[in-house]
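A.B. asks: Can you read through this structure? Questions will come right after.
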Amino acid sequence: MEMNFESILLPGVDGKRPIVIAGPCSAESEEQVLDSARALSGKGIKIFRAGIWKPRTKPGGFEGVGMEGLKWMKRAKEETGMYIATEVATKVHVEAALEAGIDYFWIGARTAVNPFAVQEIADALSGVDIPVLIKNPVNPDLELWIGAIERLYGAGIHRLAAIHRGFSSYDKKIYRNLPLWHIPIELRRRLPNLPIFCDPSHIGGKRELIAPLCQQAMDLNFDGLIVESHCNPDKAWSDAFQQITPDVLDYVLNLLVIRETNQTTENLSELRRQIDNIDEQLLELLAKRMRVSREIGIYKKEHNMPILQTPRYGEILENRSQMGSSLDLSADFVKEILKEIHEESVRQQMIIMNELK
Ligand code: PEP
Ligand code: MN
């Protein structure tokens, strides 16, 4: 689907990187919403977030304050002049949020995985001119993410942005949700005009990761940040470990180094020419390797040998990672590349086996 996105900026919101959306994970009480909003507004934040309906892994926990919280958001908007943003997951949410004057909608990661739910939201928003931000689905599936964006676009919502909030994984050693940066990078390649926000709070899951993740997002040229910020993070009813105070948020934002996007110096062009050359050589070498591999395939076929020679594969991996280390390449990286190359060699040899039958 061809998509021409329109600006998500409302009057008074500066488009300079990063565009910041901040506020607590959840609205908890009128006092908590207003205290957080006032403090954030005092730090120059223009878009205030809070979850009203919270999708939780297990039932029985705090699932958001619901409709009542919309009134508190509205008060925060009237009092501070900030725009207000919340997550919607159903038609009922959309209608209530529109009625309450919510300015920005976002679709959560657990909703983005479900085309029925996304379509229901798109249909409910049809004909309404409102900016919507779409989080990546919890699983690393770029097509599903783009599909959700297309559903909204198809309903006439052209003021869209994406939010990268990381991908769910069993491995929680460092991140709560793995960043897998290549996915938003590929999204940028596919939809160059779509603004991309980073949600360091849900990627990191802990306060100390907010600053480095914000910086990484800026280094990758993301357009904005959506950060969970609470007036009293330790007492938060949801996601307490990852929320920061408005003061800390301000500190983090002030430390960000924003790199220029459009400057290409002569030196850089020269280095890029070198990269182009090296890539060409790499591809020629790969093609040559595949030719040899096909010859081996013919030999195996003629001598009735199986394609897979496991000891040989093990030896290649071992020997090449050592070679890689001595060349200052990470062993994991070398293994990963050789695994891919080997897979393609096997595929090529399988074609040969079939052809000669
Ligand atoms: C949130 O932003 O509070 C939230 C629930 O996020 P996600 O959908 O990314 O889990
Ligand atoms: Mn949260």
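The sequence shown begins at -3 in the numbering used here and counts up one residue at a time. Glycine residues also receive a C-beta, built at the ideal position from the N, C-alpha and C atoms. None of these values were measured; they are calculated from a predicted model.
1. Just to confirm, does Cys194 get its C-beta within under 7 Å of one of the non-hydrogen atoms of the ligand PEP?
2. Hey, out of Pro188, His198, Met301, whose CA is closest to Leu174's CA?
3. According to DSSP, which residues form a beta bridge with Val128?
4. Which residues, in chain order, sit with a beta-carbon under 5 Å away from any heavy atom of the ligand PEP?
5. Grouping DSSP H, G and I as helix and E and B as strand, with all else coil, what is Ser197?
6. Buried or exposed: His299, going by 16 or more other Cβ atoms within 10 Å of its Cβ?
7. Can you tell me whether Val124 is buried or exposed, with buried defined as 16 or more other CB within 10 angstroms of its CB?
8. Kindly list the residues whose CB is nearer than 6 Å to the CB of Met(-1), restricted to its own chain and excluding five residues on each side of it in sequence; keep chain order.
9. Please tell me whether Ala72 and Val29 are closer than 8 Å, where the distance is taken between their beta carbons.
10. With distances taken between CB atoms, is the gap from Ala144 to Phe193 smaller than 8 Å?
11. Would you check if there are 3 or more beta carbon pairs closer than 8 Å linking the region 163 to 183 to the region 208 to 220?
12. Does the contact criterion of 3 or more C-beta pairs under 8 Å hold for the region 257 to 275 versus the region 58 to 76?
13. Could you give the DSSP three-state label for Thr306: helix, strand or coil?
14. Measure from the alpha carbon of Leu357 to the alpha carbon of each residue in Asp167, Arg106, Val128, Lys296, then state which is nearest.
15. Would you mind working out which of Ser225, Thr86, Glu95 sits nearest Lys70, comparing C-alpha positions?
16. Please tell me whether, using a cut-off of 7 Å, the distance from the CB of Asp235 to the nearest non-hydrogen atom of the ligand MN is below it.
17. Could you tell me which residues DSSP pairs with Phe44 in its beta bridges?
18. Rounding to the nearest angstrom, what Cα-Cα distance links Asp10 and Leu209 in this structure?
19. Going by DSSP in three states, Ser225 sits in which element: helix, strand or coil?
20. With a cut-off of 8 Å, do at least 3 Cβ pairs link the region 23 to 39 to the region 72 to 86?
21. Quick one: grab the DSSP three-state call for Leu251.
22. State the CB to CB distance for the pair His154 and Glu2, rounded to an integer number of angstroms; the pair is presumed to be in contact (CB under 8 Å).
23. Note the first and the last residue of the continuous alpha helix (DSSP H) segment covering Gln211.
24. Counting only the same chain and skipping the five closest in sequence on each side, list residues whose C-beta sits under 7 Å from that of Asp243.
25. Taking DSSP as the reference, what is the three-state secondary structure of Ile240?
26. Using beta-carbon positions only, say whether Ile48 and Thr86 come within less than 8 Å of one another.
27. By the three-class DSSP mapping on this structure, what secondary structure does Phe112 have?
28. Under 8 Å by Cβ, that's how I've got Gly200 and Arg172 pegged, so tell me the actual separation to the nearest angstrom.
29. With hydrogens ignored, establish whether the beta-carbon of Glu224 is closer than 7 Å to any heavy atom of the ligand MN.
30. Hey, how far is the Cα of Ile254 from the Cα of Met214?
31. With a 10 Å radius around its C-beta and 16 neighbouring C-beta atoms as the bar for buried, classify Leu267 as buried or exposed.
C.D. replies: If we stick to the structure as given:
1. no
2. His198
3. Phe101, Leu156
4. Cys21, Gly47, Gly104, Ala105, Lys131, Arg161, His198
5. In the structure shown, Ser197 sits in a helix (DSSP, three-state: H, G or I).
6. exposed
7. exposed
8. Tyr149
9. yes
10. No, the Cβ-Cβ distance between Ala144 and Phe193 is not below 8 Å.
11. Because the criterion of three Cβ pairs below 8 Å is met, the region 163 to 183 and the region 208 to 220 touch.
12. no
13. helix
14. This structure leaves residue 357 out entirely; the chain is present only between -3 and 353.
15. Comparing Cα positions, the closest option is Glu95.
16. Checking the Cβ of Asp235 against the ligand MN gives yes.
17. Ala18, Ile80
18. 22 Å
19. strand
20. Touching, yes.
21. helix
22. With a contact defined as Cβ atoms closer than 8 Å, His154 and Glu2 qualify at about 4 Å.
23. 206 to 215
24. none
25. strand
26. no
27. helix
28. 6 Å
29. yes
30. 6 Å
31. exposed
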